[in-house]
Structures are given as structure tokens and as C-alpha cells.
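For reference, the structure is listed below as C-alpha cells.
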Amino acid sequence: MSGSRIRQVDVFAIRAPRKEAVRSGLNLADPVTASEFGVVRLLTEDGVEGLGEISITFPRIGHSLCHAARKLIAPAITGLDALAIPTVLAEVDRVLGGELSAPYLRAAFEMALLDATGRHFGVPVWALLGGRRRDRAALAWGIYQKSPDEMAADAAAGRAAGFQAIKLKVGRELAADLAAVTAVARAVDVPLRLDANMAWRTVPEAVRAMRTLADAAPVAWFEQPLGRRHLEGLRALRLQTGLPVMADESCHTLRDAYELARAEAADVWNVYVTEAGGLRSAAEIFALAAAVGVPCILGSQAEMGIATAACAHLAVALPELPYPIETFGPLRYERDIITGAGMIAQGWLTPPPGAGLGVELDWDAIRTMEVKE
Ligand SMILES: [Mg+2]
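Numbering (the numbering used here), first residue to last: 83 to 455.
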């Protein structure tokens, strides 16, 4: 099928201003005020387009990944059949050679290939992922670190806007966390997801913080209380506190998920399309999780419209999705990179209609946000 061969690969590095600076356990001293992401655009010989997004907030290497996409991957896959997705991805994997940030690039190219394939056959990406299990996915709302009153007001506004769960960033001094959690718990009627982003350094420190916060408010789970490699510590927290632990930074790839399962390190896993290396890789982690009885959510790097659409297609196709997911990234930006109505309404995420991912580039937004090398 020569008409589906990849004729052109464009990579646009963009800088997208955030509505609010990101403050969390990882970067208190260095808040992120804009996302340095990338857009991948494939064109086949038939003129069919495929869009992907390079989304990574920590570490801030998005534009380095754009450089690698442009210089290394684009030449390697030009001329390959876009419909032969495993063949193209094998070439992407070969070029990246297992480098640590490879999943983010792989995810962007897989998105673009699935988009092009869906458009070629006239079917939505969720159909390529095995079919539709639900029409839409419930969303949680996430709150960055600021004053207790500001966090409480943000949480209440999130609930009023229809979000079904509330997540907040902890991991500051315990007194500050306690004040924030207490204020937010008073303002909303749901258990809180508390994300420490690896901020607690030892098991005793984490035990103390978890017990203190759980005494102050109903808690859904404690997300990544310890460092990403500290699986024994995560397990110890579960056993010592009896409180639910979520793995996030410890759960990037399928291999990570296997290690988590072996260590019995977490009660729930936060799975990211970008960190897993694509939609199908994320679905494989969900499958492993189902096999070992661990529920999962879909997490977010504050993806913009292309990657959020990809997450929406996966979210409606996953066999099990028991909790609200966190892929509300477009709401973090003044302006998105796609045209058309939003996918997010009343706390629900719905895949855009149409073939492929169902999104079109907003070329004016790309031109405005593009960062030339
Ligand atoms: Mg997290």
C-alpha cells in the first residue's frame, strides 16, 4: 500500500504558557510557568495526516526530545508504511535504544501513527484499541500548592464544575500540608487524593505525615510518598499504616509495573500514556494490573489537546476504569493547540468525534507558540 507510506514528518517545538505556575513536591524552588512540549505531524503519500504530542513536564527536556524527533526519528521512519505501526515503532525503538526518555517520544509517534491509521480507514482511534467500553470518562481535578484558602477555593470550584474527585499536592513542611488538607477537606465532600511526588525521604517520615494527614481528612490514597525506586519502602508504608498507597513515579513502563506487582508496593497505579510509551503500552499495564488485581487510573503530564484526545480514546476503550482519571491537561492552558470545542465538560472527558484522534491543528496557535531551534 504505497499510498500510506510516510512522506513527511514535521516536529514543532512549542512553549505553552500555563494559567498557573506548577508547584509540587518535585520543584518547589523552580515553578513551571509554561510547558515546553512538541507536536509531531506525519503526512502520508496519500496526504493523510497523523498528529502526535511530545508532553513532558519533569524533567524539562521537551525541546531536547523535539530535536531527537526531528534529527533522528524523522529520517529513520520516512518512507515506511504508516499502517505498519509495529514496524515503524520498532524503528523508533531502535533509534532510541532504550534511552530513559524514549517512552515520551515513542508515545508521540504512536499517537501520530494511530491517528493516520484511523483517518486512513475512517475509524476513531478507540476502535483501533479494541472498541468502546464507555462513552466518556469521569475526571478528577488537581490542585497545586498555594495557601490553604486558595487551595480550598480551587477545590470547591472544581467540585462545582463537576469534577468527581480532588487531588492535591502535598510534600511541603508537615504543618503546611496539614493546614492545606484540613482546609480543602472542609470545602469538598469527597475523599482527597494526596500526591507527595516523592517528597518524603524515609519510611518513618512518610508514616508520620500520612497518619497526621489521614487523621485530619478522609483520604482516597497517598500518591508516591517515597522515591521511585523505593518499592520496599512503599510496601512498608502500606503495612505500617494500613492506608492506601498509589504508585506514580514508580510506574512508568510495563517493566516498572511488573516490579511494583512483584513487590506488592502499591494499592493503585497511576498510568500515563506518555510515560508508558504509548496508548497500547498503557493498555498493557492496565492488563497486567487486572491480572494482579490492582486498579489503575490514567494520569497526566498536563497534555494539551492532541495527547488528551489520545487519552480520551484510550479511556473509553479500557476494560476497567474504576476511578476518575486525571487527564484534564487542556484546562491548564490559556490556549490549546487544536481547534474546535473542548473534550472536557462538566467533569467528563469525551473523545472528539470523527476518524483518528478527531482533532485538527490550530495553525495560528502553533505559529504563536512555536520555538525555533
Ligand atoms: Mg503524581
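Even glycine gets a Cβ: it sits at the ideal position worked out from N, Cα and C.
If residue i and residue j are in contact, beta carbons under 8 Å, what's the gap, nearest whole angstrom?
i	j	result
W208	V398	5 Å
A437	R201	5 Å
D128	G179	Actually they do not touch by this definition, with Cβ atoms about 31 Å apart.
I426	P435	Their Cβ separation, rounded to whole angstroms, is 15 Å, which puts I426 and P435 out of contact at 8 Å.
L336	A392	About 18 Å; that fails the 8 Å criterion.
E152	T126	Per the sequence shown, the amino acid found at residue 152 is Arg instead of Glu. The Cβ separation is near 19 Å, so there is no contact.
G120	V93	6 Å
A269	A318	Not confirmed; about 32 Å, so no contact.
Comparing C-alpha positions only, which one of the options sits nearest to residue i?
i	options	result
T409	I96, R283, L256, L396	L396
A365	E402, W445, A190, I407	E402
R218	V301, A339, I407	I407
L260	A389, R290, G134	R290
P433	R417, G224, Y415, A394	A394
L195	Q227, L276, C148, I159	I159
V266	T169, S229, T323, G161	S229
R417	P141, D112, L443	L443
W295	A258, A318, R310	The sequence shown places Leu at residue 295, not Trp. Per the Cα distances, A258.
Y354	C378, L162, L147, R123	C378
G387	F368, P404, A423, A369	A423
E102	Y226, E181, A222	Y226
I420	W445, L431, I426, P404	W445
L316	T335, R337, N279	N279
A447	Y186, R311, A95, Q90	A95
L165	F203, V177, A262	F203
L462	E455, N352, P99, L431	Here the chain has residues from 83 to 455 only, and residue 462 is not among them.
E181	F245, V91, L147, V104	L147
E71	L370, D338, V374	As shown, the chain starts at 83 and ends at 455. That puts residue 71 outside it, with no answer to give.
L256	D271, R241, A235, R293	R293
R241	D271, Y415, G213	D271
E455	V104, V114, H145	H145
Q322	L370, P286, Y415	P286
A235	A369, V376, A262	A262
G309	A371, S363, L361, G253	G253
R362	A372, A150, G212	G212
Skipping 5 residues on each side, what residues in its chain have a beta carbon closer than 7 Å to that of residue i?
i	result
I143	S183
L313	S332, E341, L342, A345, A347
R97	A116, E118, M451, V453
R215	V398, A399, L400, P401
V301	P273, L274, L276, L295, L325
D231	A265
L210	L196, T199, G200
V177	L154, I155, A158
P113	A103, V104, R105
V205	A437
A329	Q306, L316, L342, A347, A348, W351, N352
M233	I225, L250, A262, A265, V266
R414	R100, K101, A384
Excluding sequence positions up to five away, which residues of its chain have a Cβ less than 6 Å from the Cβ of residue i?
i	result
V174	I155, R188, F191
T264	A298
K251	S106, Y226, Q227, D277
M193	G134, A392
V327	F304, L316, L319, R320, A348, D349
Q90	L125
F368	C378, L400
H334	E357
Which word fits residue i, buried or exposed, when buried means at least 16 other C-beta atoms lie within 10 angstroms of its C-beta?
i	result
Q428	exposed
W282	buried
S137	buried
E305	buried
S382	buried
A288	buried
G359	buried
R123	buried
P404	exposed
P307	buried
E385	buried
A247	buried
A239	exposed
R311	exposed
V374	exposed
L380	buried
A172	exposed
So, is the C-beta of residue i closer than 8 Å to a C-beta in chain B?
i	result
R215	Checking the listed chains, one finds no chain B in this structure; it contains a single protein chain.
Going along the chain, which residues of its own chain have a beta-carbon closer than 8 Å to the beta-carbon of residue i, five neighbours each way excluded?
i	result
A243	W223, Q428, G429
T169	L162, D163
**Prompt:** With distances taken from each beta carbon to the nearest heavy atom of ligand 1, which residues come in below 7 Å, in chain order?
**Reply:** D277, N279, E305, Q306, D330, E331, N352, G381
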